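Asks: Protein chains in written order, with the working numbering: chain F, 1 to 152; chain V, 1 to 169. C-beta: ideal position from N, C-alpha, C; glycine also. Everything numeric in this text was worked out from a predicted model, so none of it was measured. Sharing a structure, written as C-alpha cells. Questions coming.
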Amino acid sequence: MELEDVFRAHQQAVFAYFLRVVGNRQDAEELTQETFVRACGAAVRFRGDSKVTTWLFGIARRVLLEAARAGLFERRPELPERATAPEDDPAERVDLERALAALGVGDREALVMVDVLGFEPIEVASMVGVTPDTFRVRLHRARARLREAYER
Amino acid sequence: MSDEQVPLDLRTLADVDSPEVVRAALRTFRRRIVTRYVWLGVGALVLVAAVMWGRTPSTLQQRIDGANAAVVPEAVWHVPGGTVALDRVVDLGDTVGLHLIVLPDGRSQPRPHVSVTGEVSSMWYGSWDEYLEIAPSRGGIPVLTVKVQGHVERIPLDQDAGIPTQIWR
C-alpha cells in the first residue's frame with residue numbers, strides 16, 4: 001500500500017480529531033496537512049511496532065501540542081464554529097457539538113480519541129504518556145462534564 | 001453504574017466532510033526537503049567561502065610573507081641614525097613586494113622613513129617591519145630612499161645590493 005493511500009485512508013479521522021478538538025475548520029485543515037507532512041518524514045523510521053493509526057495520531061498530538069504552545073487556543077474563540085457534516089445535522093448532533101465545544105481542550109481530546117474516533121483508552125493513555133488508570137479517570141470526568149453540558 | 005455514567009454516543013461526530021489535504025501535504029514535504037537541501041548547500045558554500053577567505057592573504061604583510069621569495073638578499077645598509085635591511089623580495093605578479101627591517105640606532109631615536117620608487121602601497125607590521133609593494137618601471141632599477149633626522153640616503157636596488165636586475169622586468 002502506497003504511503004499516499006495510507007494517508008488517504010486516515011485523512012477523515014485525523015481531520016475529525018483536529019476539527020473536534022480545535023473547533024475551527026481552517027485550523028483543523030492546516031493541522032491535518034502538517035500531520036501528514038511530518039508523517040512523510042517520519043515514515044522511513046516507522047518499523048510497524050505500533051498500529052498505523054497509533055503512530056499517525058501520535059504525530060497529530062505533537063502537532064496539536066506545538067500549535068497550542070504557539071497560541072492556537074488563545075487566538076481562537078472558545079466556542080468553535082459548527083462543523084460541516086455531509087448532510088443536515090440532526091438536532092441531537094448539534095447539541096453534542098455544542099456540549100463538546102463547551103469543554104476544555106483536555107476533556108475534548110480525551111472524548112474525541114475514545115468516544116468519537118474509537119481508540120481504546122489504553123492506547124490513548126500510551127499516546128498521552130499517562131497510566132491507563134489515570135487516563136480512565138480523566139475520561140470519566142470528561143464524560144461527566146460532557147453530559148452536564150449536554151443536559152444544560 | 002448509574003445512568004449519568006453511561007457515556008453519550010459521540011460516534012456521529014466522526015462523520016465530517018474532510019478536505020483533500022494528502023496531496024498538498026506530499027507537495028509541501030517535497031518542497032521542504034528541497035528547501036532544506038538548498039539551505040544546506042548554501043551553508044556549505046558559505047563555510048567553504050569563509051575558510052577560503054580566511055586562507056587568502058588579505059594584507060600586504062600576509063601576501064609578501066605568504067609568497068615564495070624570489071630573492072633573499074640579506075642586504076643591510078647603515079645610515080646615519082639607523083639601519084635598514086632588505087629581508088625578502090617577492091614576485092606578486094604585476095608588482096614586487098619588499099620586506100624591510102628598519103631600526104633606529106637608539107630607542108629614543110626616531111625610526112628612519114623609507115620609500116621606494118614606484119611604490120604602490122606600504123604597511124608597517126610591528127615596530128620595525130615595513131612591507132612595500134612596488135610597480136617597477138620598465139628597465140628602471142628602483143631606488144630605496146631612507147630619511148632619518150634630516151639625512152637622506154638613496155640606495156639603488158641593483159646587483160650590488162644583491163638583487164638580480166631581471167626581477168624588475
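1. Applying the 10 Å Cβ sphere with the 16-neighbour rule, what's the burial state of Ala49/V?
2. Do the region 37-56 of chain F and the region 95-106 of chain F meet, that is, are 3 or more Cβ pairs less than 8 angstroms apart?
3. Please check if any C-beta of chain V sits within less than 8 angstroms of the C-beta of Thr32/F.
4. On the DSSP bridge assignment, give the partners of Val89/V in chain order.
5. Taking the C-alpha atoms as reference points, what is the distance between Glu78/F and Arg32/V?
6. Can the beta-carbon of Val84/V be found closer than 8 angstroms to that of Val114/V?
7. For Ser126/F, name the three-state secondary structure that DSSP assigns.
8. Bridge partners for Ile155/V per DSSP, in chain order?
9. Got a sec? Which residues, its chain only, sit under 6 angstroms from Glu109/F by beta carbon, not counting five neighbours each side?
10. Have a look at Gly93/V and Ile134/V and give me their C-alpha separation to the nearest angstrom.
11. Kindly indicate if chain V contains any beta-carbon less than 8 angstroms away from that of Arg179/F.
12. Kindly identify the DSSP beta-bridge partner or partners of Trp77/V.
13. With a threshold of 8 angstroms, are at least 3 pairs of Cβ atoms found where one atom belongs to the region 6-16 of chain V and the other to the region 12-21 of chain F?
14. Can you name the residues of chain V whose CB is closer than 8 angstroms to the CB of Leu111/F?
15. Is the CB-CB distance between Val148/V and Pro156/V below 8 angstroms?
16. So, helix, strand or coil for Trp124/V, using DSSP?
17. Can you tell me where the alpha helix (DSSP H) with Glu4/F in it begins and where it stops?
18. To which residues of the same chain is Phe36/F closer than 7 angstroms at the C-beta, ignoring the five residues directly before and after it?
19. Which one or two residues does DSSP pair with Glu20/V in a beta bridge?
20. So, does the CB of Ala16/F fall closer than 8 angstroms to a CB anywhere in chain V?
21. Tell me the DSSP secondary structure of Ile163/V in three-state form.
22. Would you decide whether Gln159/V is buried or exposed? Buried here means 16 or more other CB atoms lie within 10 Å of its CB.
23. Taking Cβ positions only, does Leu26/V come closer than 8 angstroms to chain F?
24. So, is the C-beta of Pro57/V closer than 8 angstroms to a C-beta in chain F?
25. Can you grab the Cα-Cα spacing for the pair Thr53/F / Gly43/V, in whole Å?
26. Can you check whether the CB of Leu103/V is closer than 8 angstroms to the CB of Val89/V?
27. Measure the alpha-carbon distance for Ser18/V versus Thr32/F and round it to whole angstroms.
28. Checking 8 angstroms against the spacing of the C-beta atoms, do Gly81/V and Pro112/V come in under that value?
Replies: According to the data block:
1. Residue environment: Ala49/V is assigned as exposed (fewer than 16 neighbouring CB atoms within 10 Å of its CB, all protein chains considered).
2. Too few Cβ pairs lie closer than 8 angstroms, so no.
3. yes
4. Val71/V, Leu98/V
5. Because the pLDDT at Glu78/F is just 48, under 50, the model does not fix this residue reliably, and the value given afterwards should be weighed accordingly. Near 33 angstroms, if we compare the C-alpha coordinates of Arg32/V and Glu78/F.
6. In this structure, Val114/V lies closer than 8 angstroms to Val84/V by Cβ.
7. helix
8. Residue pairing for Ile155/V: DSSP places it in a beta bridge opposite Leu144/V.
9. Val21
10. 11 angstroms
11. Residue coverage of chain F in this structure runs from 1 to 152, which leaves residue 179/F outside it and unanswerable.
12. The secondary-structure analysis by DSSP pairs Trp77/V across a beta bridge with Val84/V.
13. They touch, by the three-pair rule.
14. Chain order gives the chain V residues near Leu111/F as Leu10, where near means a beta carbon separation below 8 angstroms.
15. no
16. Strand.
17. Glu4/F: member of the alpha helix (DSSP H) spanning 3-22, first to last residue.
18. Phe7
19. Per DSSP, none; premise fails for Glu20/V.
20. Cβ-Cβ to chain V under 8 angstroms: yes for Ala16/F.
21. coil
22. exposed
23. yes
24. no
25. 37 angstroms
26. no
27. Going from the Cα of Ser18/V to the Cα of Thr32/F covers about 10 angstroms.
28. yes
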